[in-house]
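Student: Submitted below is the structure of interest, expressed as structure tokens.
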Amino acid sequence: MCNKILMACSNYWTSTFQVGGHHIAKSLADQGWIVAFISDPISPFHLIKGINQQLRDRWRLYQCGGKMYYGDKVWTYVPGALATPNNKPLLRSLWLQKNWYRLSFPSIVKKLRQNDFDTVDALYLDSVNYLYLLQAIKYKKSVYRVADMNSGFSKWTHAATRAERELARCVDVVLYTAKSLESYVSSLTPKQAMYFPNGVNYWHFAKGSKHMPSEYKHIKKPIALYVGAMAEWFDFDLINYAAQKLSDVSFILIGPDNLAKQRLKRLPNIHLLGPRKYTDLPAYMHNADVGLIPFNIREHAQLVSSINPLKLYEYMACGLPVVAIEFQELRMLGSPSIICKTPEEFVAAIEKALSEGKAYRNVYQTYAYQHDWARKIERLLCILSSE
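In case it helps, the working numbering puts the sequence shown at residues 21 to 407.
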């Protein structure tokens, strides 16, 4: 009989941000596990900020009652509730943090039972919103994965902190993605803690499409590319500065860009393309000249210092040189990226990377391959199967 796992994660399955939880789910499915993947719930309060593509996608996964993906190997669902935890008045209470599931419609507990995921071999969580699952279902092994210093996010609340502490104490193992998170995880007093860094779907990027995206045909080379979230921890001032100093370089940014439209200058060499499908990202990377990691370490040191950046591995799997602003975890990774401390160094590093071209392509790809998810999953399987 196949092993069964319930994964309760922050990001929904079809998100343009395919992060650790997604890759772990796929890797386990490839190993023959039966996987359920549920994500943070939606509520009518989500409509206050307006309807965007992410909310539409999550609504579809809620409305359909659950759907099979990844070759019918992963069942995924987005719960809906009258109210869900958020850093807003009335929504940031400890009661709601722990009990929103009681307001879910249909009941998330019943939904799991109907789909035979009320009894599983392993329970995996990376969202504190699913603390209640530790009592709601039966499982042999429980894991909580800390992927960021969550208190650095504006949506984080005191109630979420309390829930995380309880969650970390109750599960069998707490995994953490960054060495700089070790002391924080230790402060949560878990039964067991293990370093389990991010990785990359190496072959998806290394052997992905090299066909030039249509947008690139109208944008002059060379191209400095960023792919990912552009939230408050993104250094918009740094991109503005670099784009002004390097007027002959096209700066292309891919990802949700509402804040970017407000913070970036309207320069002719800055191009916001919006989100793109995960399946299409290799083509954008293979046809770029340098990958960027421009995080705002000055104003968001608590969050940025403990990021183990997925995009580092993804860029390098495509053979791209990487230019990044220095932060603690990146320095400890020992990657062949060019690490900078100042805007001036950032500009000089981009020029250096462009002058070298892809002469070190094999070096970058060799580094990325060492972090392939397929190479990491065996360790996770040992954790999930241990007594």
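Quick reminder that beta carbons are idealized off the backbone N, C-alpha and C, glycines included. Predicted model only: the values in this text are computed from it and were never measured.
How about D138: is its Cβ closer than 7 Å to a heavy atom in the ligand MN?
Tutor: In the structure on display, the ligand MN does not appear, and there are no ligands present to speak of.
Student: Quick one: grab the DSSP three-state call for V342.
Tutor: strand
Student: The beta strand (DSSP E) spanning T139 covers which residue range?
Tutor: Membership of T139 in the beta strand (DSSP E) is indicated by the continuous run T139 to L145.
Student: With DSSP as the reference, please indicate the residues paired to G100 in a beta bridge.
Tutor: For G100, which the question treats as bridged, DSSP gives the partners I62.
Student: Please determine if the segment 396–407 and the segment 355–373 are in contact, where contact requires at least 3 C-beta pairs separated by less than 8 Å.
Tutor: no
Student: Is Q117 buried or exposed, if buried means 16 or more other CB atoms sit within 10 Å of its CB?
Tutor: buried
Student: Are the Cβ atoms of P217 and T197 separated by less than 8 Å?
Tutor: yes
Student: Between R189 and L208, which are expected to be in contact by the criterion C-beta below 8 Å, what is the C-beta distance as a whole number of angstroms?
Tutor: 7 Å
Student: For E252, which residues from the same chain have a beta carbon less than 6 Å from its beta carbon, with the 5 sequence-adjacent residues on both sides left out?
Tutor: Taking C-beta separations shorter than 6 Å and ignoring five residues to either side along the sequence, E252 has no partners in its chain.
Student: Which residue from L114, K237, Y97 and K108 puts its Cα closest to that of D432?
Tutor: This structure leaves residue 432 out entirely; the chain is present only between 21 and 407.
Student: Is it true that the CB of L195 sits closer than 8 Å to the CB of V220?
Tutor: Not in contact: V220 and L195 (Cβ atoms no closer than 8 Å).
Student: Using C-beta distances below 7 Å, list every residue in its chain close to K240, excluding the 5 sequence neighbours before and after it, in chain order.
Tutor: Sequence-distant partners of K240 (beyond 5 residues in either direction) whose C-beta falls short of 7 Å from its own C-beta, in its chain, are S270.
Student: Quick check on D168: buried or exposed, where buried means 16 or more other Cβ atoms within 10 Å of its Cβ?
Tutor: Within 10 angstroms of the beta-carbon of D168 lie 16 or more other beta-carbons, which makes it buried.
Student: Give me the residue from D141, Y89, L292 and I345 with the minimum Cα distance to A369.
Tutor: I345
Student: Confirm, please, whether the CB-CB distance from L145 to L153 is below 8 Å.
Tutor: yes
Student: Starting from C360 and walking both ways along the beta strand (DSSP E), at which residues does that stretch end?
Tutor: I358 to C360
Student: Does T386 pass the burial test, meaning 16 or more other C-beta atoms within 10 Å, or should it be called exposed?
Tutor: exposed
Student: For R296, which of helix, strand or coil comes out of DSSP?
Tutor: Note: R296 maps to coil in three-state DSSP.
Student: Which residue from V191, A183 and E184 puts its Cα closest to that of K160?
Tutor: V191
Student: Taking just the CA atoms, how far does A142 sit from G41?
Tutor: 14 Å
Student: Between the alpha carbons of A28 and V39, how many angstroms are there, rounded?
Tutor: 13 Å
Student: Along the alpha helix (DSSP H) that carries Y152, what are the first and last residues, could you check?
Tutor: Taken as a continuous stretch (DSSP letters only), Y152 belongs to no alpha helix (DSSP H), as it is neither H nor E.
Student: Suppose you measure from the CA of I157 to the CA of L151; what does that come to, to the nearest Å?
Tutor: 11 Å
Student: Where in the segment 194–279 do unbroken runs of the beta strand (DSSP E), each at least 3 residues long, occur, reported from the N-terminal end onward?
Tutor: 213–215, 243–247 and 270–274
Student: Whether or not the segment 51–61 and the segment 254–264 are in contact is what I'm after, with contact meaning three or more pairs of Cβ atoms, one per stretch, closer than 8 Å; do they touch?
Tutor: no
Student: Output the boundary residues of the beta strand (DSSP E) element that contains G311.
Tutor: Start and end: V310 to I313.
Student: Is V191 helix, strand or coil by DSSP?
Tutor: coil
Student: Measure how close the beta-carbons of W120 and A101 come, nearest whole angstrom, since I'm counting them as under 8 Å.
Tutor: 5 Å
Student: Along the chain, where does the alpha helix (DSSP H) containing Y387 start, and where does it finish?
Tutor: R381 to Y389
Student: Taking three-plus beta-carbon pairs below 8 Å as touching, is the segment 316–333 in contact with the segment 292–304?
Tutor: By the C-beta criterion, the segment 316–333 is judged not to be in contact with the segment 292–304, since fewer than 3 inter-stretch pairs fall below 8 Å.
Student: Tell me whether D392 is buried or exposed, calling it buried when 16 or more other Cβ atoms sit within 10 Å of its Cβ.
Tutor: buried
Student: Between which two residues does the alpha helix (DSSP H) harbouring A167 extend?
Tutor: Run containing A167: none; DSSP gives neither H nor E here.
Student: Under a Cβ-count criterion, where at least 16 other Cβ atoms within 10 Å of its own Cβ denotes burial, should Y215 be classed as buried or exposed?
Tutor: exposed
Student: Could you spell out where the alpha helix (DSSP H) holding L81 opens and where it closes?
Tutor: Q73 to Q83
Student: I believe G86 touches W79 by the beta-carbon criterion, under 8 Å. Please report the beta-carbon distance rounded to the nearest angstrom.
Tutor: Not quite, the Cβ-Cβ distance comes to about 13 Å (not below 8 Å), so this is no contact.
Student: In angstroms with no decimal places, state the Cα-to-Cα distance between W33 and E319.
Tutor: The alpha-carbon atoms of W33 and E319 are separated by roughly 31 Å.
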